[in-house]
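Encoded as structure tokens, the structure appears first; notes follow it.
Residue numbers (the working numbering): 243 to 342.
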């Protein structure tokens, strides 16, 4: 079951709305000039040069996508392609490692 996106007009309100579903326990940011590949549960791939991922206490992971800074999407089921191993790894695995 996918969670609905969390949307707000301001970043401050967005973060307040986001925390009602469970406190934030971590954040990880990645910026690579050459980009990195991410795919969703359906297998659709995207290439990003910057990504912000927020880990919530309910063990879900959220991120703004496609430059939309006023909406957070549940990316718990996404995978990211490791630059070290050239393998797809879960967001949870990536978040807890130094990998990429």
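Beta carbons: idealized from backbone N, C-alpha and C, even for Gly.
Neighbourhood of residue i by C-beta, 7 Å cutoff - its chain only, sequence neighbours within 5 removed
i	result
residue 290	277, 278 and 280
residue 249	312 and 313
residue 332	321
residue 274	291
Beta-bridge pairing of residue i - partner residues as DSSP gives them
i	result
residue 320	Its beta-bridge partners do not exist; DSSP assigns none.
residue 302	None; residue 302 has no bridge partner.
residue 340	Bridge partners of residue 340: none, in fact.
Same chain only: Cβ atoms within 6 Å of residue i, ignoring 5 sequence neighbours per side
i	result
residue 283	319
residue 270	295 and 337
residue 267	297 and 299
residue 265	299
residue 246	none
Pick from the options that is closest to residue i, judged by C-alpha positions
i	options	result
residue 285	310, 317 and 271	317
residue 287	327, 328 and 323	323
residue 261	301, 328 and 293	301
residue 251	329, 310 and 327	310
residue 272	247, 265 and 293	293
Residues near residue i in its chain [Cβ-Cβ closer than 8 Å; skip 5 each side]
i	result
residue 330	281, 321, 322, 323 and 324
Residue range of the alpha helix (DSSP H) that includes residue i
i	result
residue 335	333 to 337
Continuous beta strand (DSSP E) stretch holding residue i: start and end
i	result
residue 246	Premise fails: residue 246 is in no beta strand (DSSP E) and is neither H nor E.
residue 311	It is not in any beta strand (DSSP E) - residue 311 carries neither H nor E in the DSSP assignment.
residue 329	Looking at the DSSP string, residue 329 is not in any beta strand (DSSP E), and its letter there is neither H nor E.
Three-pair Cβ contact test at 8 Å for the region 328 to 337 versus the region 288 to 305: yes
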